[in-house]
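The next block holds one structure in the form of structure tokens; read it before the comments.
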Amino acid sequence: GEGMPRPEQTRIVVVANQKGGVGKTTTTVNLAASLALHGARVLVVDLDPQGNASTALGIDHHADVPSIYDVLVESRPLSEVVQPVVDVEGLFCAPATIDLAGAEIELVSLVARESRLERAIQSYEQPLDYILIDCPPSLGLLTVNALVAGQEVLIPIQCEYYALEGLGQLLRNVDLVRGHLNPTLHVSTILLTMYDGRTRLASQVAEEVRSHFGEEVLRTSIPRSVRISEAPSYGQTVLTYDPGSSGALSYLEAAREIALRGVGISYDATQAHIGA
Ligand code: ADP
Ligand code: MG
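Reading the sequence shown from the start, the letters are residues 71 to 346 in the UniProt record's numbering.
Here it is as structure tokens:
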């Protein structure tokens with residue numbers, strides 16, 4: 071916790087990329103845990119019917135558990151579904167259950183179908199520094215609800231062929247939501263994930279992403295790490311599963327960079343806390 075600036079207002083960060091398997095969920099849970107370990111109060115909203123973020127945080131999300139489905143479709147208060155994450159102080163999760171798969175259709179006929187998550191978050195009275203929303207791999211009404219509720223979009227990009235493919239569609243959706251429903255929305259952060267510095271492909275993709283997005287790309291990238299991929303099967307983030315691993319340190323560093331940027335402090339990579 072020391073030396074980590076806390077935002078003046080709750081920062082609501084939408085983790086989105088309609089491609090599956092690029093590291094959205096991994097990034098959501100590990101960044102959230104990192105921010106909490108840095109002393110922030112953080113809520114993860116699991117908006118993917120797969121419930122992978124809930125699983126990775128060790129949160130019970132079997133079919134009967136009060137979940138984000140009840141919030142979106144039944145207008146249940148968010149406070150009634152939020153659970154604390156064991157082992158990480160200050161970290162909370164609004165879980166997804168399998169019935170969320172039906173919400174995409176059920177939302178269509180409801181009033182204010184695009185802003186149901188926003189309303190739920192606005193009525194939530196617990197103090198929070200960050201809300202991180204883990205989106206499903208699609209641009210349907212669940213993702214639109216996240217974009218309407220949020221201020222910032224964080225796009226994880228996997229360093230592989232076709233990394234930028236399909237991003238145009240996400241960026242157009244962000245523009246549409248900004249223009250019609252949420253004027254504060256912007257892409258604040260690009261995070262390179264599963265980065266393997268030994269391959270030329272990874273460094274080429276990284277260079278391409280940096281020239282395309284510029285300042286939004288975090289200096290810190292996340293390495294490919296077995297420890298990161300193992301952690302969810304223990305219901306843990308890599309921050310508690312293997313705190314000294316390169317994966318844990320890189321997420322802690324990414325969290326620090328995001329926190330500093332949020333208060334307008336430019337990040338100095340030479341001050342990085344990651345050891346060699
Ligand atoms: P998404 O939510 O975008 O579908 P996930 O976060 O579920 O993507 O990641 C897809 C797969 O890649 C998962 O099996 C996850 O464990 C693995 N993975 C994600 N990031 C890393 C990483 N840095 N190193 C190794 N495996 C990773
Ligand atoms: Mg996911």
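All residues carry an ideal CB built from backbone N, CA and C; glycine is no exception.
Within the same chain, show all residues whose beta-carbon is closer than 8 Å to that of residue i, passing over the 5 residues directly before and after it, in chain order.
i      : result
Gln79  : none
Leu209 : Gln88, Gln239, Leu240 and Asn243
Gly121 : His131, Pro165, Ala166, Thr167, Ile168 and Leu170
Leu309 : Asn100, Ala103, Ser104, Leu107, Val158, Ala318, Tyr321 and Leu322
Gly332 : Pro75, Pro77 and Arg81
Ala133 : Thr167, Ile168 and Asp169
Taking the beta carbon of residue i as the centre, do at least 16 other beta carbons fall within 10 Å, making it buried, or is it exposed?
i      : result
Leu198 : buried
Tyr304 : exposed
Asp204 : buried
Tyr97  : According to the sequence shown, residue 97 is Thr rather than Tyr. Buried is the call here.
Leu261 : buried
Glu277 : exposed
Glu285 : exposed
Glu327 : buried
Asp140 : buried
Leu234 : exposed
Thr269 : exposed
Leu177 : buried
Val181 : exposed
Looking at the ligand MG, does it come within less than 7 Å of residue i, judged from the CB to the closest heavy atom?
i      : result
Asp204 : yes
Thr167 : no
Lys89  : no
Thr125 : no
Asn100 : no
Thr263 : no
Asp116 : no
Asn252 : no
Within its chain, find whatever has a CB closer than 7 Å to the CB of residue i; leave out the 5 residues flanking it on each side and keep chain order.
i      : result
Gly236 : Gln88 and Lys89
Gly71  : Residue placement at Gly71 is flagged as unreliable, the pLDDT there being 48, under the threshold of 50; the coordinate-derived value follows with that caveat. Excluding residues within five positions, the ones whose Cβ falls inside 7 Å are His108 and Gly109.
Arg111 : Gly160, Pro197, Leu198 and Asp199
Ser124 : Asp116, His131, Cys163, Pro165 and Ala166
Asp312 : Arg297 and Ala318
Using a Cβ-Cβ cutoff of less than 6 Å, which residues in the same chain neighbour residue i once the five nearest sequence positions on both sides are dropped?
i      : result
Glu222 : Val83 and Ser258
Arg136 : The question names Arg, but residue 136 is Pro in the sequence shown. Contacts found: Glu150 and Val151.
Leu113 : Phe162, Leu198 and Ile201
Glu188 : Val218 and Ala219
Val214 : Glu184
Gln153 : Ile129 and Cys163
Met74  : His108, Gly109 and Ala329
Ser291 : Leu262 and Tyr265
List the endpoints of the continuous beta strand (DSSP E) containing residue i.
i      : result
Glu285 : Taken as a continuous stretch (DSSP letters only), Glu285 belongs to no beta strand (DSSP E), as it is neither H nor E.
Val223 : Glu222 to Gln228
Ser81  : Sequence inspection shows Arg at residue 81; the Ser mentioned does not correspond to that position. It spans Arg81 to Val85 - the beta strand (DSSP E) in which Arg81 sits, taken as one unbroken run.
Tyr311 : Tyr311 -> not in any beta strand (DSSP E); alpha helix (DSSP H) instead, spanning Val308 to Tyr311.
Let me check you understand the geometry: is the CB of residue i closer than 7 Å to at least one non-hydrogen atom of the ligand ATP?
i     : result
Thr95 : Ligands in the displayed structure: the ligand ADP and the ligand MG; the ligand ATP is not one of them.
Between residue i and the ligand ADP, is the CB less than 7 Å from at least one heavy atom?
i      : result
Pro293 : yes
Val151 : no
Ile335 : no
Ser299 : yes
Pro302 : yes
How far does the alpha helix (DSSP H) with residue i in it extend, from its first residue to its last?
i      : result
His250 : Leu237 to His250
Leu319 : Ser316 to Gly332
Ala219 : Leu211 to Ala219
Determine contact between the segment 295-304 and the segment 243-254, defined as no fewer than three beta-carbon pairs at a distance below 8 Å.
-> Taking 8 Å as the limit for Cβ pairs, the verdict is that the segment 243-254 does not touch the segment 295-304.
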